[in-house]
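In the working numbering, the protein residues as written are 3 to 467. Positions of the beta carbon are idealized from the N, C-alpha and C atoms, including for glycine. For reference, the structure discussed in these notes is given below.
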Ligand SMILES: [Cu+2]
């Protein structure tokens with residue numbers, strides 16, 4: 003099974019490479035898309051612009067576009083940096099045309115992003131279950147120049163607490179956070195209503211050097227890769243990675259303060275934040291002292307590439323267990339613009355050291371999203387994750403296993419999926435798709451999971467563009 007999954011992933015990578023080769027032969031049509039913009043005289047005309055064309059362009063070109071009435075200085079590095087960010091201060095490759103709708107409101111540049119999945123999941127094996135649910139998020143950002151620098155307000159909302167009933171949805175081998183006072187096992191938690199609310203300020207302080215300050219009562223500290231809901235390579239996967247709580251789970255943290263310095267192609271950031279994960283009341287903003295820290299070093303060697311390493315100490319992240327987590331992550335992200343879309347891939351490693359159990363748990367992820375044509379997407383995700391919480395909802399069984407076969411189990415998860423856009427309008431992309439996840443399970447816990455559990459998800463996806 004593992005061989006098959008790797009094989010499928012490589013086939014998709016290979017197909018992507020072939021497509022990429024093909025595009026070299028063709029004249030770059032980005033140019034032709036940029037040129038004939040009718041001169042908009044007013045905001046109404048701007049509204050009439052075909053944003054689907056904007057989407058195909060890369061960010062740097064968009065910012066450099068000369069659109070009368072649209073204040074988009076290409077000589078404003080602070081503004082450019084802020085607009086390249088996804089959640090909090092995290093960034094993917096610059097060449098990824100983040101799906102968004104941009105509107106100029108007076109001297110403010112506003113951006114709207116959003117994604118809704120309607121999903122039906124069916125899983126096999128003794129611990130598999132079924133559910134219909136709708137993970138979703140919406141983000142609004144407004145950016146304004148201030149002297150040499152720029153401000154960006156960011157708000158991210160999710161109706162998950164309402165559209166994911168019962169405080170979780172089924173996902174075999176997923177762990178992290180709680181529902182009804184019990185640790186979630188084989189289930190993914192919903193996101194908070196207020197996923198983020200924060201203020202970013204960036205200002206050039208020397209040639210090619212930008213200083214950045216970020217404060218967010220709810221936000222994303224400089225720890226880990228771009229969180230999966232905002233990651234190009236995960237855009238067609240409604241499920242959270244099994245390594246979420248090893249890699250990017252701090253994307254919803256409280257009292258986040260980040261200082262960053264970007265110099266040419268490198269960036270160094272440091273954050274303080276409150277470490278405990280969101281509680282079960284997902285409608286409120288929780289508060290707490292800044293008791294956790296992280297630092298992240300990122301490199302942008304070329305427009306298509308981004309890499310980061312980060313480390314942090316997260317104070318008491320899990321409510322049901324004592325101990326802090328020392329998290330280390332490294333990731334590599336690649337986006338290849340194609341005439342009909344963007345091919346994006348990520349490699350991620352995340353490690354948690356638990357100061358209470360003294361366990362070191364690793365997680366590895368490879369994922370890719372390949373547009374085969376403008377409307378057809380192939381996607382894949384491969385994960386290996388060390389899990390020690392799979393029986394935390396059954397303490398006596400957990401103790402028995404701990405004495406007999408051990409406490410940590412390496413799980414493999416292999417997902418392959420396909421999405422087809424069925425309706426693409428100026429503002430929305432609606433697609434239908436399905437994915438299949440196969441798992442490898444250590445023999446010791448096969449009595450509880452079956453030897454080859456499977457999960458199938460069928461979904462409708464609507465995304466703002
Ligand atoms: Cu999350």
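- Task: Could you check the C-alpha separation between residue 352 and residue 363 for me, to the nearest Å?
- Result: The residue labelled residue 352 in the question sits at position 350 within the chain shown. The residue labelled residue 363 in the question sits at position 361 within the chain shown. Residue 352 and residue 363: Cα-Cα distance of roughly 8 Å.
- Item | Range of the contiguous alpha helix (DSSP H) that encloses residue 405 | Counting from 1 along the chain shown, the entry for residue 405 is found at position 403. Its alpha helix (DSSP H) spans residues 397–406.
- Going by other Cβ atoms of all chains shown within 10 Å of its Cβ, with 16 needed for buried, is residue 437 buried or exposed? On the chain shown, position 435 is the one that residue 437 refers to. Classification of residue 437: buried, given that the 10 Å Cβ count is 16 or more.
- Message: According to DSSP, is residue 225 part of a helix, a strand, or is it coil?
- Response: As a position in the chain shown, residue 225 is number 223, starting the count at 1. Note: residue 225 maps to coil in three-state DSSP.
- Cα separation between residue 301 and residue 309? The residue given as residue 301 occupies position 299 in the chain shown. The residue given as residue 309 occupies position 307 in the chain shown. Their backbone Cα atoms lie some 5 Å apart in a straight line.
- Item | In DSSP terms, what residue 366 is bridged to | Here residue 366 is taken as the residue at index 364 of the chain shown, counted from 1. According to DSSP, residue 366 bridges with 351 and 386.
- Task: Under 8 Å by Cβ, that's how I've got residue 243 and residue 383 pegged, so tell me the actual separation to the nearest angstrom.
- Result: Numbered from 1 along the chain shown, position 241 holds the residue referred to as residue 243. Numbered from 1 along the chain shown, position 381 holds the residue referred to as residue 383. Yes, they are in contact, since the Cβ atoms of residue 243 and residue 383 sit about 7 Å apart, within 8 Å.
- Query: Could you check where the alpha helix (DSSP H) with residue 312 kicks off and where it finishes?
  - Reply: Locating residue 312 in the chain shown gives position 310, where the first residue counts as 1. Premise fails: residue 312 lies in the beta strand (DSSP E), 307–316, not in any alpha helix (DSSP H).
- Task: Tell me, please, whether the CB atom of residue 358 is closer than 8 Å to any CB atom in chain C?
- Result: In the structure shown, chain C cannot be found, because there is only a single protein chain.
- Task: Using alpha carbons as the reference points, say which of 95, 119 and 256 lies closest to residue 462.
- Result: The residue given as residue 462 occupies position 460 in the chain shown. Nearest C-alpha to residue 462: 119.
- Message: Is it buried or exposed, residue 285, if we count other Cβ atoms within 10 angstroms and call 16 or more buried?
- Response: Stepping through the chain shown from its first residue, residue 285 is reached at position 283. Per the 10 Å Cβ criterion, exposed.
- What are the start and end residues of each continuous alpha helix (DSSP H) run of 4 or more residues lying completely inside the stretch 146–230, in chain order? 162–165
- Going by the beta-carbon positions, is the gap between residue 259 and residue 217 smaller than 8 Å? Locating residue 259 in the chain shown gives position 257, where the first residue counts as 1. Locating residue 217 in the chain shown gives position 215, where the first residue counts as 1. Cβ distance < 8 Å, so residue 259 and residue 217 count as in contact.
- Query: Between the Cα of residue 355 and the Cα atoms of 318, 379 and 348, which residue gives the shortest distance?
  - Reply: Walking along the chain shown from the start, residue 355 turns up at place 353. Among 318, 379 and 348, the Cα nearest to that of residue 355 is on 318.
- Put residue 360 into one of helix, strand or coil per three-state DSSP. To locate residue 360, count along the chain shown from 1; it is residue 358. Note: residue 360 maps to coil in three-state DSSP.
- Message: Under 8 Å, with one C-beta from each stretch per pair, do the stretch 119–137 and the stretch 85–95 reach the 3-pair mark?
- Response: no
- Query: Terminal residues of the continuous alpha helix (DSSP H) containing residue 81?
  - Reply: Taking the first residue of the chain shown as 1, we reach residue 81 at position 79. 79–85 is the extent of the alpha helix (DSSP H) around residue 81.
- With distances taken from CA atoms, which of 290, 314 and 289 is nearest residue 299? The residue given as residue 299 occupies position 297 in the chain shown. Among 290, 314 and 289, the Cα nearest to that of residue 299 belongs to 314.
- Message: If I measure Cβ to Cβ from residue 161 and keep anything under 6 Å in the same chain, skipping five residues before and after, which residues do I get?
- Response: Numbered from its first residue, the chain shown carries residue 161 at position 159. So the list reads 138, once near-sequence residues are dropped.
- Assumed close pair residue 191, residue 179 - CB separation to whole angstroms, cut-off 8 Å: Numbered from its first residue, the chain shown carries residue 191 at position 189. Numbered from its first residue, the chain shown carries residue 179 at position 177. Contact holds; Cβ gap of about 4 Å.
- Query: Out of curiosity, what's the CA-to-CA distance linking residue 371 and residue 449?
  - Reply: In the chain shown, the residue the question calls residue 371 occupies position 369. In the chain shown, the residue the question calls residue 449 occupies position 447. Rounded to the nearest angstrom, the two C-alpha atoms are 34 Å apart.
- Message: Using 8 Å as the threshold, is the C-beta distance between residue 280 and residue 254 below it?
- Response: Here residue 280 corresponds to residue number 278 of the chain shown, with the count starting at 1. Here residue 254 corresponds to residue number 252 of the chain shown, with the count starting at 1. Going by C-beta atoms, residue 280 is nearer than 8 Å to residue 254.
- Query: What are the residues that DSSP puts in a beta bridge with residue 133?
  - Reply: Locating residue 133 in the chain shown gives position 131, where the first residue counts as 1. Its beta-bridge partners are 123.
- Going straight from the alpha carbon of residue 330 to that of residue 249, what length do you get? Numbered from 1 along the chain shown, position 328 holds the residue referred to as residue 330. Numbered from 1 along the chain shown, position 247 holds the residue referred to as residue 249. Each residue's alpha carbon lies about 8 Å from the other.
- Only counting runs of 4 or more residues, tell me where the alpha helix (DSSP H) segments fall wholly within the stretch 240–296, in order along the chain. 246–249
- residue 423 to residue 209, Cα distance in whole Å? For the purposes of this step, residue 423 is taken as the residue at position 421 of the chain shown. For the purposes of this step, residue 209 is taken as the residue at position 207 of the chain shown. Computed Cα separation, rounded: 44 Å.
- When DSSP labels each residue in this structure, what does residue 451 get in the three-state scheme? Sequence index remark: in the chain shown, residue 451 carries index 449 (1-based). Of the three classes helix, strand and coil, the one that applies to residue 451 here is helix, per DSSP.
- In the structure shown, what three-state DSSP assignment does residue 425 receive? For this step, residue 425 is matched to residue 423 along the chain shown. If DSSP states are grouped into helix, strand and coil, residue 425 belongs with the strands.
- Message: According to DSSP, simplified to helix, strand and coil, what is residue 41?
- Response: Along the chain shown, read from residue 1 onward, the residue named residue 41 stands at position 39. Bear in mind that a pLDDT of 37 at residue 41, under 50, signals an unreliable position, so the number given afterwards is only what the model happens to contain. Three-state DSSP puts residue 41 in coil, outside helix and strand.
- Contacting residues, own chain, Cβ-Cβ under 6 Å from residue 274 (five flanking each side not counted): Numbered from its first residue, the chain shown carries residue 274 at position 272. Around residue 274: 259, 292 and 295.
- Alpha-carbon to alpha-carbon, residue 357 and residue 459: In the chain shown, counting from the first residue as 1, residue 459 sits at position 457. In the chain shown, counting from the first residue as 1, residue 357 sits at position 355. About 36 Å.
- Query: Which class does residue 236 belong to by DSSP, given the choice of helix, strand or coil?
  - Reply: On the chain shown, residue 236 is found 234 positions in, with the first residue counted as 1. Residue 236 falls in the helix class under three-state DSSP.
- DSSP-derived helix/strand/coil call for residue 304: Residue 304 sits at position 302 when you count from the first residue of the chain shown. Correct three-state label for residue 304: coil.
- Message: Does residue 429 pass the burial test, meaning 16 or more other C-beta atoms within 10 Å, or should it be called exposed?
- Response: Your numbering for residue 429 matches position 427 in the chain shown. Exposed: under 16 other Cβ atoms inside 10 Å.
- Would you mind working out which of 116, 247 and 147 sits nearest residue 79, comparing C-alpha positions? For this step, residue 79 is matched to residue 77 along the chain shown. Of 116, 247 and 147, the residue nearest in Cα terms is 147.
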